[in-house]
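Here is the structure we will look at, set down as structure tokens.
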Amino acid sequence: MEVHVTPETAKKLKDLAATSGRAAEDIVEDALAGYLEEV
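Add 1287 to the 1-based position in the sequence shown for the working numbering, that's all there is to it.
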């Protein structure tokens, strides 16, 4: 699956991945899974 985001969101994700030491894909997976549990 491919997800398109704005350049601003991509930068925030890249920065978070760099500071957390986690892969951006893992961060997106966790965020999306959490969101889908709430809807």
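Quick reminder that beta carbons are idealized off the backbone N, C-alpha and C, glycines included.
Note that the structure is predicted; figures quoted are calculated from it, not measured.
Given a cut-off of 7 Å, decide if Ala1304 and Ala1311 are closer than it, judged by their beta-carbon atoms. Within the sequence shown, numbered from 1, the residue matching residue 1311 stands at position 24. Within the sequence shown, numbered from 1, the residue matching residue 1304 stands at position 17. Taking 7 Å as the Cβ cut-off, Ala1311 and Ala1304 qualify as a contacting pair.
Considering Ala1305, what are the terminal residues of the alpha helix (DSSP H) in which it resides? Here residue 1305 corresponds to residue number 18 of the sequence shown, with the count starting at 1. From DSSP, the alpha helix (DSSP H) with Ala1305 extends over Pro1294 to Ser1307.
In the DSSP assignment, find the alpha helix (DSSP H) that holds Glu1289 and state where it starts and stops. Working through the sequence shown from its first residue, we reach residue 1289 at position 2. It is not in any alpha helix (DSSP H) - Glu1289 carries neither H nor E in the DSSP assignment.
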